[in-house]
Structure formats: C-alpha cells, structure tokens
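Peer 1: Supplied in structure tokens, the structure appears directly below.
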Amino acid sequence: MTHSRRTHRRCDGLARRDFIQTGLSALGGFGLVDLLRMQAACAEESKAASKAATRCIFIWMDGGPSHHETFDTKPDAPSEIRGIFDPIRSNVSGIDVGEHIPKIAQIMNRVTVIRSITHKDPGHGGGNHYLTTGCPTPTSVACGAKVSFHPSFGSVIAKERGSTNGLPPYIQFALPSPLRSGGPNFLGSKYAPFYISNNPNNPDFSVSDVTLPPGISSGRATTRESLRRSVDQLKRITDAAANDPARSMDNFYEQAVGLITSPQAVKAFDLSLEPESVRAEYGHTMVGQQCLLARRMIEAGAPFVTVQHAGWDHHGNIFPYLKNRYLPIFDTAFSALIRDMDQRGLLENTLVLALGEFGRTPKINKNAGRDHWPSAMSVVAAGAGVPRGEVIGATDIQGNSPIERPLKVEDFAATLYTKMGIDPHKEYVTPLGRPVPIVNGGQPISELF
Amino acid sequence: MTSARLVSVAFVTLLTVTSIAADQTALHIEPGERTLVGNEARQQLLVTETTAGRDLDRTRDVIFSSVNPKIASVDSNGVVRPVSDGTTAIIASVNGVSARTEFTVSRSGEGLPVNFANDIVPVLSKAGCNAGSCHGKQSGQNGFKLSVFGFDPAFDYAALVSEARGRRVFAVDADQSLLLQKATNRVPHGGGQKFPVGSTEYRRLHRWIQQGMPKGRPDDPVVVGIRITPSERVLSEQTEQQVIVSAELSDGTIRDVTNESQYETNDEVVADVDRHGLVQTTRVAGEAAIMARYLEFVATSQVTVPLTAIPSADELQASWKSQHFIDRLVATKWMKLNLLPSEASSDATFLRRAFLDVIGRLPTVAETREFLSSTAVDKRTQLIDSLLQRPEYADFSAVRWADLLRVNQETLGAKSAYVFDTWLRHAFRENMPYDQFVQELITAQGGSNHDGETNFYKAFPKPNDLTIAVSQVFLGVRLECARCHHHPYEKWGQDDFFGMSAFFPRLKQKKGADGEDILFVADKGEVTHPKTKSVVAPKVLLGGPLEIPATEDRRHPLAEWMTSRENKFVARTMANRVWAHLMGRGLVEPIDDMRATNPATNEPLLSALATDFVEHNFDIKHLFRTIMTSDVYQLSSLPNSTNVRDTRNYSRRYRKRLSAEVLLDAVCDVTGEPSAFTGMPAGTRAVQLWNNRLASAFLDVFGRPHRKSVCECERLSETSLGQVLHLMNAPVVNDKIASPTSQAARLAKSDLSPEEIITEMYLAALSRFPTEQELKVAKSIYSAPESSRRSATEDVLWALINTAEFVLND
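Protein chains in written order, with the numbering used here: chain D, 1 to 449; chain Y, 1 to 810.
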C-alpha cells in the first residue's frame, strides 16, 4: 500500500505535526501571536536564503496589442501601414513611442523595449499558451481554445519560490476571467493561481474570505485549525499520478492558513490604505487599480502577480478604440506603476513585464483594423536589473519581422526565469515519469542583464 | 458486509500464454512487397520481432541494407526511396536474424503528374496551413483563406490559383510564387517558416506550380481509404513503435503516406506520437488510440501497455467471483493490464457514497445508525432501491439535466425557466422512461408557460443551435465543427449537419395570451446547404435523406429514429452519462464526444450497459441500480501496489468533490440551518432551485455553471484555494455554525455528554462513528479553559466541515 498520512513541513526542522501538538496541548491559549512568532522564525531562515529574490508583475494584454501604435512606430512606412497616429519623442533621445501613450513616454528612461520577439502561432489559443508558458502548443489549436500543455510562468515560480509572508506564490487577477493557459498543468493544483475575481476599482472591493469571520478571535481560529488537522483522517493517496483531490485540499489549507495568519497579506489586499492621490495616479480603472494592488502584494513579498488588461484584439476600427480607451488606460496605469515602484525602490528587485500574445499586421485591413501578427511583437520590461532607457532589436521599416537581434519566445522565457533566479533549463519529471525542461531551448537575452 | 473479491482464473491463462516458446525469435518486415512509382515515391518499413508470442518493434534497431543500392536506397530509419528502375530487395538484420522484402522501382526518372486534391492538399494539411488557427479559420488569415483541414479542395484550388491576382502561384518562375516564398518565410509570414527550400514538401509544391497548377484529370485515381499498421499492439512501458500508413487508391494501387499523415494520441499519458508516426509509451500502463489522418480519412492503432509487474500468485488466488456483467467486463480489462482491484468499501463509505450519488444529500444520523447496525445480507441493495424511490433523486437528476438543456432564466425568462425546470423534476419523479423523455422534448409543442418541455426550443431557437444541442446532448456526437467543415477526426460533414438541421426549420413561435410563446409547426421552411445553396432533405446520422410528407411534423420521424431500440447513439450516450456520474469518469471522455477516434476505455462494457438499458425499456433507475449493485461501484478508493495509477479502468474508486449545490445543502444539513435564497420559500435546498442565477457566492466559488453550454464540463469539479478559504471564513458558513438555532447550539444545550455530541456530529457530517482517538482529540476541546460547551461544539463542527472527508465523495 502506498498511501500514508503526510507530514507537512512548515519550514526546515519544524513539522506541521509539531504545530498541531502545540496547538492542541495549549488549546485556546495558543494564539495568533504564538503562531506568528513561529512563522517569523521560519521566515527568518528563508529570508536569508532569498534576500535579493526577484519578484515579477506580469501584465497580460490579452488579444495582442499593436506594436505599431505603441512601442514600434513606423513613421516612414506607407500610410496603409503607418496608421493615423504620429510618434512622439520620449524622455530618451532616439526612442519614440505612439502619440497616445504620453505618460509612458516620460518613463521610457526606466524601461527597456524589446522589439524583436518573433514566433509563428497566429491564434489566440496557441499564442496565449506560448507567451504565458514559454512553450508552444504541440498541435495547432483553435483561436478560441483554452489549453494547457505546460505549466505557466506563474506556476513554475510558485513551485520554485513558494510563498512569503503567507501570500499565495502565484496571484492572478481573473478579470475578466482566468488566463487561458495560466494554470499549473502537471505541477498540480498546489501551484494553481490564487484568483482575485473582484474588481479592485469597485468602491466595496475586497479580496474574499481572507480574513477571519466576525466573532472568531485569532486564538479560536488557531484552535479550530489544529482541531481540523487532527480530525481530517481520510487516508491520502500519495502518488501524484493518482490525482487524489484530498491532497489538493491539503495544499490549499496550508496556503490558506498562511494567508489568513499573515498580517502583511491582509494589509496588502487592503486598497483602502492607499491615499486617494495614489489611487488616482494609477487611474480609477480596473487595470489601474490592479496595478496598484499588484504593487502592494509585491511589496508584501508575493513573488508573481498577473495583472490583466484584456481586449486588444482590434480587427476593426483600431484607431478610435486605441485612442479613446485602451491606450489611455494602459498609459496611466503602466506609467504610474513604474514610477511608483521606482520611487519605493521596488524596481530594484521586481521584474515588470507588459505583453500580449502577438503583434498586429503591418497592413491595415479593410475594416480599419489590424489582424494577428506573431512575426513581430514588442515587449516592455523594467526592473530587476533591466537596463533603463534601452531598446533591443529592430523590425524592418514596415514592422513585419525582426531585422536585428531576432528573439524567440523561449529566449524571453529563459530571461524571465533567469531573472527570477530559476535555471530555465532545469528538468521536471512529470508524475508520469516524463522529463520536461522548464524552457525547451532559448537563451537569456544578454542585453537585459 | 461485502468482502473483498479479487481477480480471477483468467490471469493464470494469460501467464501461460506469455511463457511459451521463449527462445523462438522471428523477424518480420512490412510491407511484404511494394512497387515505387515516380521519383517522389517513398516507403516507410516496419520491422517486427516476434519473441515468445509477443510482437516487438525493431524498426529503429535493425541494420537496413539494399541488395542493389542502384535501384533503391534505404536509410537508417527504414525509409526506402527509388534510385533507378528495376527490382531489388531490402534486408533488415539484427542479432544474426534477418528479414527481406522485395521492391520494384518504375518511372524513377519522372515527376508524376500532380493531382491537386491527392498530392497538394495533404502537404498543406501537414504543414498546418489549413489549421483552424491559421488560414483554415472562418475568416482566413491576413486575407488568405483555405478550407479548414482541406475538406474542400475546389475552394482551396481557387484560393491558391485564382485569388490575389494570381500572385500566390507563378508558373513561369515557381520559386517566386508567394505560396513558396511565404511558406519558407522568404517573404514575411505570420506563421513563420513551414518548411525549408528543397524539402520534400517544397519540391512537391514547386513541381505542381511548374506543371502549371494542374487540378488533376477527372479519371485520376482517388484515395478510397487508409490503413494503419499495426492496427493494435501490446507494448511495454517506455518503448517505441513505428506505425505505417498506407493509402488505397481507386485503381487498386497502394501508396505509403506515413510521411504525409498527421498523428494524434487520445491519451498522451499512456502513449505519445510524433509527426513521423513514431509512437512512444510512457511509464504508465493503460491504453491509447493513435490516430492517423490523411485527407478526409482517419485510422486508429490501439496501443495497450500492461503493467510490467505481474500480480503475485497469492493475490491471484483470491478470486473475483461476481457474476454481475459489469464486474465481468471490467475484470477482463484488468487482466489485460495486470491490474488488481482495491478492496470493497466499508459500509459507512458505501452509505455516504450511495446517498450522495443518488439523492445528492448526506444520510441523517438516524439513517446512518440504522444502516450501520443492520445485519441484513442484502442491505446495500436494499439501500440502493430505497434511495431510488426518494423524491430527492428527481431534484438532483433535474439539476444536472437543467445544466445540459440550458435552463437559464436570463435567456429563457423567469416563467419559462420555472416551468421547464418543473417539467424536468416531474419527469424524473415519475421515472419517465428515457425514450419517452427524449420523445417529449423533441416533439414538444404548445405554450412556454404551460408545456415546460417546449422551452427546449426556446433555449435553442434556431435549427443550427438545435442540431448542435440534439447531437451533443442525446447522441453524444459533437457536430458543431461539421457545420463549417468536415469533422477532422470523424466521418461527419456538412451533409450530416444540415441534414439534421433540416428537421427543424418549420418550427415557429408566436405570442399567445399573457405574452406566452407558442411553439407551432408551420407548413413552410427549409434549410439550404451553405455550399450548394440547394434545399437539404432531413437526414439522420448514418442514414439516407428522408422523404417526409409535407403534412407531417418532421420531428416525429427524428424522434422515432432516436428512440428506436436499434439507435446506435442515444442509449450509449445516456449509459455513459450515468456511468460517469456514478463512477467519477465516463467510459468515453469527454462524455459527449463519442467517435471512432475517441474510443471507450471499455467498449464491451459500454455496449453491454446500453443494451441492458434498452432491454429494460430505457428505465433510468434500472440503469442506476445496475451500476450501483456491481462490486466495481462498491470498491474502496484506497489503491494497492498495482492500481495506484489507474485513472481509467475503475480498479479503485475515484474520489470526487461534492458539487456546488450538494455541498451547500450538506453544510446546511449538518449545521441545521437551511439556506435563505432570495424569493424562495424557507427551507428550499440548493438542488431545488429552478433559477441558477440566484445570488450565492458559495455556489459560484464551488463551480455552479452558468448554463451557457450543452457540455457537462461547464460545471467545475476541481478544488481551489478560494473554495478552502470560503469554507474556513465565509460568513455564510460561519453564521450557520454560530447561529443560536444551529445544530451546534441545540447539541450544546442538550443533556448529551461531550462524547455523545461528538458522535452525533461525526455521524451527521461523515456518516460514521468517530474512532477512539478522534473522540479523545475532540473531547479535549471541551475541557480547555477558554472553551464553553457551545464554543467547543461549534469548533468541532467547523473542523468537520473543513475536512477532505466531508468535502469529498470517497
């Protein structure tokens, strides 16, 4: 028989079993303070190991933003390619950006633009998978597909880094819905994202169920939690290939306790602690307030947060959409995030990335839109040692494809992991025994280090 | 109590078969004899070693040689290519054993005339050009559209040759054709490089363009079928198997299309396949269907990987005695895979399982006590029978069907949703035979406020929506793809889709009194084929066009076909649905995607279940009872050393999370505090709600579906951090525990001792008595200085609700 009761390790040398014993013998007398002290002791240990550990805010621009109207303008191309917007100067000489991101133009000295990432999957389904996992889909999938063949960036980081201060290691705004391919795949539900599905721009916003219910003291909560572990006697099936849902629940209870008992976490989720001036600076939009909340969570130690700005799939009427809605929202939110992070020193060890699944066709189509174009796309990166005020690579005069420093998605993925202190070519063995590298090939982009 | 029943005599038979003639080795090469015609011909060889009655692929191990390399060459992977005309032989040898096959080469200096449909379309398919995510997309890709998966060669020919002012192909200078420039990425291509200059694919397209883009002659032979070799094979873990795919042409010739076929596995957990047709098994025992696709043809190779560890003799001694047909058919499969079943579940586990599966609620304390203390030999069967008689069976069944039939008040309107829901509950309460259930829905007529079943046509108002819903829900066939193109992995095409659609165009709605929608059948209305623009006659799947008198409601012959005892779809689909509900996994998964290329994990069992269901007049309760009285249903979830990784063959019970409504009702039952749903009478249970959009954070976080799709997969069954946090902290749960009228408060006020209180709560929540150790731990809470009797009771209740044992159906 292979099933046995698992002993949960809270940190080196301190098993969850001990915690239960302590809790039970002291019963109500063992309160939150004691629990926190124990956690602090654990945290000290791990902090030493990961002092400079990098974190990441991953801004997902679902649909595929146009590179022409943002970070790779083509003023010298014919009008059916150039579009109707003009480039404007940024605060770095030689780097121009689209005219509708004027605030971002003023923070270009703090970021690097990568203009030469190129791939071959023109579908949303496959493109989402590629750019959020670093791995292409093995077979072509439909545009509408939500598929998972490989663990997402966030899930790998959750596995490699674990949580700090009780914050879930992989937080994802499910706004409007979870990322298509943002799950853990074979890593298992333990590394699934913690979804925030409430809109942080709503006045009554809160993250659901992360605080103790009214009338339950921390001491009592501790008693309950100890008791829960003692009474949960259902035998677990330890072989991961057996897919025992009881084991998933164990993982989630462990995360949940860490989260609830962390004052840093609860504080991080509380947007009302931000002064109105700051909230306004990020913009009173769903995207702006996600960015602000992401900053708070990163500040509290969350290693990976996915912010979502969906809806960039502009096959028709691209110019009014971009001008009136998408670009102003992004401009305000992204520029505020970079400036705020920088002022707080958070940019030192936080990688901020903004990207979608592909760029858009150089030639404007008959509906005054741009279609899918994976041959060229722009990615903006900042923080964690990424150079300030640089551009990597270049596309041809029409924005068709890279003519300088062509980069694969795997190079981008390898960069992300390397920045996070994770060997991108480390091999995992799936529960079924197949060796799978985190990233299949690819080299970190040297200019970013 | 049912004892553990294990295995059978047939294992022994299996062992004797594998032990004979261990030292005889034979090498066999396929194909036996072949002619290569034209300079592009090629043939993949397959070399099989037979040792001890077992076939082993040695294609990648043997040394190949050509007797006369001037006639034909062979590479190390076993691919034979023509060099010059003549005959020769290819020899494969390994370890001193060899095999040979004869080849004739003719017209080796010629590029054969190209036929667009036979020769070009497969190249476009294999390169992915016509995939649904690229140019095969409905809207095409960047102005260039191909028929998806190449189902319409005439359309593709026009797209390549006539459109874009002929720039795509340029016969005068084939290399300058946009088609080749894009495919090789010499001109910027969103899809990047598909194949390099000079590759086989490039040469084929180049030759076609150079020849002036021939369509082919009308009398050119056409492909009439494909064959995959081997069609089935038993493989070890972590081994390779090459497959070869041959196309048979209408002139009787055979052509190797291994290189041009596309491959897919239906279970990469067991076996994967690459683009060259090389199958690779993993470390997991089981079965997989390897599918090859070429043009519109599909063929599958069934791969079986048994566990390498043969069960020990002792284990084999204990035998699986059950005569139940399900048990015999499941055991046959275990023997093939060397799996041993888990032990039988305990009475308490069985009790909780049966209650949750049939009526979607926990047994009460009294029911649990009674069952556990009963000494009746047939008490499990008695319990199954009594549960099937309970009204909650109808509620719980109706919820699942309301999901499928999209009983959604946002789309139907409140009144319609309510009467449709009521009709469903009524049907299950009456145990309406499933054929009648189908008949009544399909032939519904009348007013949406009175005849609940007519709302089926309100949920799916258009003939095409109906075609998708009827085929997926009742026939277990996903026809949606066939609306636009030939289904890539199935035989269905647009003729099937619109033939089905043609049953419905005469359905009309008019407004009746009180704004009611009246569904009636008009005497006019046809469906036209989008491609031929001609009127399509109604046609059932696998049938011919029907001639239906103008006065007859076309739906009647449809319903007659669906409910006929010979219908190949309806009973199977329902049997698979009920099996999936009770056993935690369908024999076919996804449960509504039945096709030759997605075979059942146990086809004899699925057939037998369907036959039994029909023979018992489509009695759904009989189907439940048949499955639940099998020993397989009653197995424990705890694995043994052979079946821990079995997630397909039911050799152990698969645990599942309680669904949203059932879990909420369970929380209400154990706390004694019913839910208060807006606008519903006090005491309404979640499984009784007709409105699935009633506000409930609990139901949402546990995956209640929005009822926007006809797929059962819309209901989430996973666990998540959000769910755990909700059970721990949500006021809705904690208020129930702490309410002054809650079960905890009542027990605390009673005369019962702490042991008795704890026992009551264990019986209520987990349907079993606590162990000595559990009693001791829980009791210590009562004597803690800061606890009161009430708070201690609440804490134990909270803890029980937050266990895996409570949340899961074990």
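For every residue, glycine included, the Cβ atom is placed at its ideal position computed from N, Cα and C.
Small disclaimer: the values here were computed from a predicted structure and weren't measured.
With H, G and I counted as helix, E and B as strand and the rest as coil, what does DSSP make of Y/Ser-65?
Peer 2: To locate residue 65 of chain Y, count along the second sequence from 1; it is residue 65. The answer is strand: DSSP assigns Y/Ser-65 an E or B state.
Peer 1: Quick one, which residues of the segment 340-363 of chain Y are near chain D if we go by CB-CB under 8 Å, in chain order?
Peer 2: Going along the segment 340-363 of chain Y in chain order, one finds no residue with a Cβ nearer than 8 Å to chain D.
Peer 1: Considering only their Cβ atoms, is the gap separating Y/Val-148 from Y/Cys-484 smaller than 8 Å?
Peer 2: If you number the second sequence from 1, residue 484 of chain Y lands on position 484. If you number the second sequence from 1, residue 148 of chain Y lands on position 148. Cβ atoms of Y/Cys-484 and Y/Val-148: closer than 8 Å.
Peer 1: With a threshold of 8 Å between beta carbons, is D/Leu-131 in contact with chain Y?
Peer 2: Taking the first sequence and counting its residues from 1, the one referred to as residue 131 of chain D is at position 131. It does not: the Cβ of D/Leu-131 has no partner Cβ on chain Y nearer than 8 Å.
Peer 1: Do D/Ile-438 and D/Lys-426 have their C-beta atoms within less than 8 Å of each other?
Peer 2: Here residue 438 of chain D refers to the residue found at position 438 of the first sequence. Here residue 426 of chain D refers to the residue found at position 426 of the first sequence. For D/Ile-438 and D/Lys-426, yes; Cβs fall inside 8 Å.
Peer 1: Taking only beta carbons into account, state which residues of the segment 128-140 of chain Y come closer than 7 Å to chain D, listed in chain order.
Peer 2: For the segment 128-140 of chain Y, which is checked against every Cβ of chain D, the residues closer than 7 Å are Gly-128, Ala-131, Gly-132, Ser-133, Cys-134, Lys-137.
Peer 1: Sorted by chain position, which residues of the same chain lie with C-beta nearer than 7 Å to D/Ala-174's C-beta, five sequence neighbours on each side aside?
Peer 2: For the purposes of this step, residue 174 of chain D is taken as the residue at position 174 of the first sequence. Same-chain partners within the cutoff: Tyr-195, Ile-196, Ser-197.
Peer 1: Pull up the DSSP beta-bridge partners for D/Cys-56, would you.
Peer 2: Within the first sequence, the letter at position 56 stands for residue 56 of chain D. D/Phe-304, D/Leu-351.
Peer 1: Could you give the uninterrupted runs of the beta strand (DSSP E) lying entirely in the segment 191-279 of chain Y, keeping only those of 3 residues or more?
Peer 2: Counting only runs of 3 or more, we get 223-229, 232-234, 240-242, 244-249, 254-256, 262-265, 271-273.
Peer 1: Please report the distance separating the alpha-carbon of Y/Cys-134 from that of D/Gly-288.
Peer 2: Here residue 134 of chain Y corresponds to residue number 134 of the second sequence, with the count starting at 1. Here residue 288 of chain D corresponds to residue number 288 of the first sequence, with the count starting at 1. Between Y/Cys-134 and D/Gly-288, the C-alpha separation is close to 34 Å.
Peer 1: Relative to the C-alpha of Y/Gly-286, which candidate in Y/Phe-297, Y/Pro-306, Y/Ile-209 has its C-alpha closest?
Peer 2: Sequence index remark: in the second sequence, residue 286 of chain Y carries index 286 (1-based). Measuring from the Cα of Y/Gly-286, the nearest candidate turns out to be Y/Pro-306.
Peer 1: Let me know the secondary structure DSSP gives Y/His-486 once reduced to three states.
Peer 2: Residue 486 of chain Y sits at position 486 when you count from the first residue of the second sequence. In the structure shown, Y/His-486 sits in coil (DSSP, three-state: anything other than H, G, I, E or B).
Peer 1: Would you say D/Tyr-428 lies against chain Y (beta-carbon separation less than 8 Å)?
Peer 2: For the purposes of this step, residue 428 of chain D is taken as residue 428 along the first sequence, with counting starting at 1. It does not: the Cβ of D/Tyr-428 has no partner Cβ on chain Y nearer than 8 Å.
Peer 1: Using DSSP with H/G/I as helix, E/B as strand and the rest coil, what is D/Gly-393?
Peer 2: Your numbering for residue 393 of chain D matches position 393 in the first sequence. Here D/Gly-393 sits in coil by DSSP.
Peer 1: In whole angstroms, what is the alpha-carbon distance linking Y/Asp-119 and D/Thr-350?
Peer 2: Within the second sequence, numbered from 1, the residue matching residue 119 of chain Y stands at position 119. Within the first sequence, numbered from 1, the residue matching residue 350 of chain D stands at position 350. Cα-Cα distance, rounded: 54 Å.
Peer 1: Thinking C-alpha only, which one of Y/Val-270, Y/Val-257, Y/Val-284 is nearest Y/Gly-277?
Peer 2: Locating residue 277 of chain Y in the second sequence gives position 277, counting from the first residue. The option with the nearest alpha carbon to Y/Gly-277 is Y/Val-257.
Peer 1: Decide if the segment 272-281 of chain D is in contact with the segment 116-134 of chain D; the criterion is three or more beta carbon pairs, one per stretch, under 8 Å apart.
Peer 2: Touching, no.
Peer 1: Taking the continuous beta strand (DSSP E) assigned at D/Pro-169, which residues delimit it?
Peer 2: Along the first sequence, one-based indexing puts residue 169 of chain D at 169. It is not in any beta strand (DSSP E) - D/Pro-169 carries neither H nor E in the DSSP assignment.
Peer 1: May I have the straight-line CA-CA distance separating Y/Leu-388 from Y/Lys-708, to the nearest angstrom?
Peer 2: On the second sequence, residue 388 of chain Y is found 388 positions in, with the first residue counted as 1. On the second sequence, residue 708 of chain Y is found 708 positions in, with the first residue counted as 1. Looking at the two C-alpha atoms, the distance is approximately 30 Å.
Peer 1: Do Y/Lys-182 and Y/Gly-128 have their CB atoms nearer than 8 Å?
Peer 2: As a first step, residue 182 of chain Y is located in the second sequence; it is residue number 182 there, counting from the start. As a first step, residue 128 of chain Y is located in the second sequence; it is residue number 128 there, counting from the start. Contact flag unset, no.
Peer 1: Suppose you measure from the CA of Y/Ser-739 to the CA of Y/Ser-342; what does that come to, to the nearest Å?
Peer 2: Taking the second sequence and counting its residues from 1, the one referred to as residue 739 of chain Y is at position 739. Taking the second sequence and counting its residues from 1, the one referred to as residue 342 of chain Y is at position 342. About 42 Å.
Peer 1: Determine the extent of the alpha helix (DSSP H) in which Y/Ser-397 is found, giving its start and end residues.
Peer 2: The sequence position of residue 397 of chain Y within the second sequence is 397, counting from 1. Element bounds for Y/Ser-397: 391-404.
Peer 1: If you measure beta-carbon to beta-carbon, which residues of the segment 310-326 of chain D are closer than 9 Å to chain Y?
Peer 2: So the close ones are His-315.
Peer 1: Identify each residue in the segment 130-162 of chain D for which the Cβ-Cβ distance to at least one residue of chain Y is less than 7 Å, and report them in chain order.
Peer 2: Listed in sequence order: Thr-139, Ser-140, Val-141, Ala-142, Cys-143.
Peer 1: Return the residues of the segment 647-666 of chain Y that lie within a Cβ-Cβ distance of less than 9 Å from chain D, sorted by chain order.
Peer 2: Under the 9 Å Cβ criterion, the segment 647-666 of chain Y contributes Thr-647, Arg-652, Tyr-654, Arg-655, Lys-656, Arg-657.
Peer 1: Do the segment 409-425 of chain Y and the segment 714-728 of chain Y touch if we need at least three Cβ pairs shorter than 8 Å?
Peer 2: Cβ pair count under 8 Å is below three, so no.
Peer 1: To the nearest angstrom, how far is the alpha carbon of Y/Thr-528 from that of Y/Val-733?
Peer 2: Looking up residue 528 of chain Y in the second sequence gives position 528. Looking up residue 733 of chain Y in the second sequence gives position 733. Each residue's alpha carbon lies about 55 Å from the other.
Peer 1: Around the C-beta of D/Glu-273, are 16 or more other C-beta atoms found within 10 angstroms, so that it is buried, or is it exposed?
Peer 2: For the purposes of this step, residue 273 of chain D is taken as residue 273 along the first sequence, with counting starting at 1. Note that residue 273 of chain D is Leu in the sequence shown here, rather than Glu. Label assigned to D/Leu-273: exposed.
Peer 1: Excluding the 5 residues preceding and the 5 following Y/Leu-635 in the sequence, name in chain order all residues of the same chain whose CB lies nearer than 8 Å to its CB.
Peer 2: Residue 635 of chain Y sits at position 635 when you count from the first residue of the second sequence. Once the five neighbours on either side are set aside, the close Cβ partners of Y/Leu-635 are Pro-341, Ser-342, Glu-343, Ala-344, Ser-345, Tyr-650, Ser-651, Arg-652, Arg-653.
Peer 1: Residues in the same chain with beta-carbon distance under 8 Å from Y/Leu-124, minus the five sequence neighbours each way, listed in chain order, please.
Peer 2: As a working note, residue 124 of chain Y is residue 124 in the second sequence. Only Asn-130, Leu-146, Gly-150, Asp-156 meet the Cβ criterion.
Peer 1: Counting only beta-carbon separations shorter than 8 Å, does Y/Asn-598 have a partner in chain D?
Peer 2: Here residue 598 of chain Y is taken as the residue at index 598 of the second sequence, counted from 1. Chain D, which has no Cβ nearer than 8 Å to the Cβ of Y/Asn-598, makes this no.
Peer 1: If we count Cβ pairs, one from each stretch, closer than 8 Å, do we get three or more for the segment 639-647 of chain Y versus the segment 699-708 of chain Y?
Peer 2: As far as the Cβ criterion goes, the segment 639-647 of chain Y does not touch the segment 699-708 of chain Y, which means the pair count is below three.
Peer 1: Any beta carbon from chain D within less than 8 Å of Y/Asn-408's own beta carbon?
Peer 2: Translated into the one-based positions of the second sequence, residue 408 of chain Y becomes position 408. Not one chain D Cβ lies under 8 Å of Y/Asn-408.
Peer 1: Let me check understanding here. Comparing Cα to Cα, which of Y/Thr-611, Y/Glu-49, Y/Ala-537 lies closest to Y/Ser-564?
Peer 2: For the purposes of this step, residue 564 of chain Y is taken as the residue at position 564 of the second sequence. Of the candidates Y/Thr-611, Y/Glu-49, Y/Ala-537, the one whose C-alpha sits nearest the C-alpha of Y/Ser-564 is Y/Thr-611.
Peer 1: Classify Y/Leu-6 as buried or exposed, calling it buried when 16 or more other Cβ atoms lie within 10 Å of its own Cβ.
Peer 2: Sequence index remark: in the second sequence, residue 6 of chain Y carries index 6 (1-based). Confidence at Y/Leu-6 is low in this model, with a pLDDT of 35, below 50, so the placement of that residue should be treated as unreliable; the coordinate-derived value is given next. That one is buried.
Peer 1: Whole angstroms are fine: how far does the CA of Y/Ala-765 sit from the CA of Y/Thr-793?
Peer 2: Here residue 793 of chain Y refers to the residue found at position 793 of the second sequence. Here residue 765 of chain Y refers to the residue found at position 765 of the second sequence. So the two alpha carbons sit approximately 13 Å from each other.
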